[in-house]
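Numbering (the UniProt record's numbering), first residue to last: 1 to 172. Each residue gets a CB set at the ideal place from its N, CA and C atoms; glycine is no exception.
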Amino acid sequence: MVPFNGYNYLPKTIKNVHETYKEKISTLPKDAQWKLASRDLFHYQGFWFFPMSLGGVLTSRINLVKSYLTEWHVKRSAEFMGYPFSLEEESSGTIQKIAELCSFQVLSNLEINKNGMYQSRVGVFKIIFYFRKGEIGDWKKHLTPEMAAHLDKITEQKLNGWMVRCSMTLVN
């Protein structure tokens with residue numbers, strides 16, 4: 001599978017089709033838009049499976065990330081990437097400093113992240129949208145129960161046989 005290198009690398013004819021698709025989908029009711037969009041949610045399964053086949057995958061669960069010390073995750077990530085911290089770095093507080101610099105609070109308050117814009121294949125978005133403080137169960141504010149059930153069904157179908165354990169269910 002060849003990785004997607006960005007919208008600007010596509011031939012003009014594909015760009016035109018995409019623009020036409022965007023125009024047409026925007027005229028559909030929201031539930032129809034959802035069905036069309038969710039149909040392609042797992043288009044990039046190859047990007048998930050390839051690293052798993054190499055045997056080096058670091059996984060983390062959001063509940064654990066929120067409950068464990070962030071420093072532990074910084075240390076484990078460094079080890080996973082092959083650059084563990086030295087004893088000197090650990091004792092001097094380097095791990096804590098990195099964890100603080102990478103915290104949600106610090107990153108979401110950077111000027112570039114507050115006011116910057118991001119050009120994607122489907123439009124221009126404010127970078128701050130990536131910093132929405134999601135809470136467990138927050139999906140209820142953004143998805144109808146029907147959308148959640150549909151997403152659960154797709155997730156279950158697509159992850160079946162992928163050596164992935166998914167203990168999350170959106171539907172109550």
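*Under the rule that 16 or more other beta-carbon atoms within 10 Å means buried, what is residue 141, buried or exposed?*
exposed
*Report the three-state DSSP secondary structure of residue 85 (helix, strand or coil).*
Coil, per DSSP.
*Identify every residue that forms a DSSP beta bridge with residue 118.*
According to DSSP, residue 118 bridges with 125.
*Where does the unbroken alpha helix (DSSP H) through residue 155 begin, and where does it stop?*
145-159
*Do the CB positions of residue 109 and residue 128 come within less than 8 angstroms of each other?*
The answer is no: Cβ separation not under 8 angstroms.
*Candidates 106, 131, 104: which alpha carbon is nearest residue 117's?*
Answer by Cα proximity: 131.
_Taking the beta carbon of residue 136 as the centre, do at least 16 other beta carbons fall within 10 Å, making it buried, or is it exposed?_
exposed
_At the level of alpha carbons, what is the spacing between residue 119 and residue 126?_
9 angstroms
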